[in-house]
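Chemist: The sequence shown lines up with residues 217 to 524 when you count with my numbering. Beta carbons are placed, not taken as given, at the ideal position from N, Cα and C, and that holds for glycine.
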Amino acid sequence: MPKCKLCSAQSVIWLRDQNRGLCQKHFEEYFLSRVKRAISKYKMLKKSEKVVVGLSGGKDSLVTAWSLKKLGYNVEGVFIDLGFKHYSEASFKAVENFCKRFNIPFERVDMKNKFGVTVPELLSANRRKSCSLCGSVKRYVLNKIALEKNAILATGHHLSDEISQLIGNFLNLQHEYLWRQSPILPEEEGMARKIKPLCLLREEEIEKIAEILQIQPVREKCPFSKGATTFKNRKLAKEIENIFPGASYRLYTQFLEKKEEIFKPHEVELKRCKICGYKTILDICNFCRWKMKWEEKSGKLKVKSHNI
Ligand SMILES: [Zn+2]
Ligand SMILES: [Zn+2]
């Protein structure tokens, strides 16, 4: 590895798109400046606002919380115990160690206590791909918690995630999704503002900063994970960056600038869930439907009568 472009120290990373290497100190500065740029460019967050990060134990969310803390934001971690027993415990340990080390307040939320049902229970009663159900449930729960705390919700999505999602949306020409893909979703009634502070940084850069900071993500794999369906899009996103260094950043920032005029939105009627008020295209949101299914199957639903 050559020397740092900004000082004479040994560099820890080679940024192909910028044709320069950076030492630990300067890479950390560069990393935080990109987060800062994303926050101000897309008007994500003010210093006076509270921001919550859902900490799964994975590197992306941990690095998100670290960056926000380092930039002086009022950040709080939330760990959701989805009910996976061993896996949840291992994830919690990683989150707890991290938060203590970086002095970030955090809360552990138990799905069973707070929502009366766990993810394995929902999976047992609903025919749904495990990762998609789990992802939906996490979004649902984190939204509720952010609202309760009167906070903004930050997620660990990075540039490589965004490009891979963009590829998926392009390949299927999903206008509606393309138009809605954004590093910030403004707050609305019943919905907290959602932001992606790492959206201008590639996965490699996040892996590198986690390595430098010795952030230790959970090693165990989710017991229900059967390999992400987005795997091919991710591979493609990586390949694009390999062939054209810097293309991800240019494509993403240009896309965000132009998407309004290119992908004009159709009028979609978004309703509110009749049970809980969450935004949905149906009368009852997925979460409430899945929960009802589970209650029905486990004989909890009072209205279900066997006498008729
Ligand atoms: Zn340096
Ligand atoms: Zn609902």
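1. Taking only three categories from DSSP, how would you classify residue 357?
2. Can you look up residue 275 in the DSSP assignment and give me helix, strand or coil?
3. Apart from the five residues on each side of it in sequence, which residues of its chain come closer than 6 Å, Cβ to Cβ, to residue 501?
4. Considering only C-alpha positions, which residue in the set 479, 276, 496, 360 is nearest to residue 417?
5. Residues near ligand 2, CB to any non-hydrogen atom under 5 Å, in chain order?
6. Taking just the CA atoms, how far does residue 328 sit from residue 319?
7. For the candidate residues 498, 316, 310, 399, whose alpha-carbon lies nearest to that of residue 475?
8. To which residues of the same chain is residue 508 closer than 6 Å at the C-beta, ignoring the five residues directly before and after it?
9. Measuring only from the beta carbon, is residue 284 closer than 6 Å to any heavy atom that is part of ligand 1?
10. Looking at C-beta atoms only, is the number of pairs between the stretch 262-270 and the stretch 363-372 that lie closer than 8 Å three or more?
11. With 16 as the cutoff for other CB atoms within 10 Å, does residue 422 come out buried or exposed?
12. Can you find the residues in the same chain that come closer than 7 Å, C-beta to C-beta, to residue 314, ignoring five residues on each side of it along the sequence?
13. State the Cα-Cα distance for the pair residue 352 and residue 225, rounded to the nearest angstrom.
14. Label residue 403 either buried or exposed according to how many other C-beta atoms from any shown protein chain fall within 10 Å of its C-beta, with 16 as the threshold for buried.
15. Secondary structure at residue 370, three-state DSSP: helix, strand or coil?
Modeler: Taking the structure as given:
1. helix
2. helix
3. 489, 494
4. The option with the nearest alpha carbon to residue 417 is 276.
5. 489, 491, 492, 494, 501, 504
6. 28 Å
7. 399
8. none
9. no
10. yes
11. buried
12. 278, 431
13. 45 Å
14. exposed
15. strand
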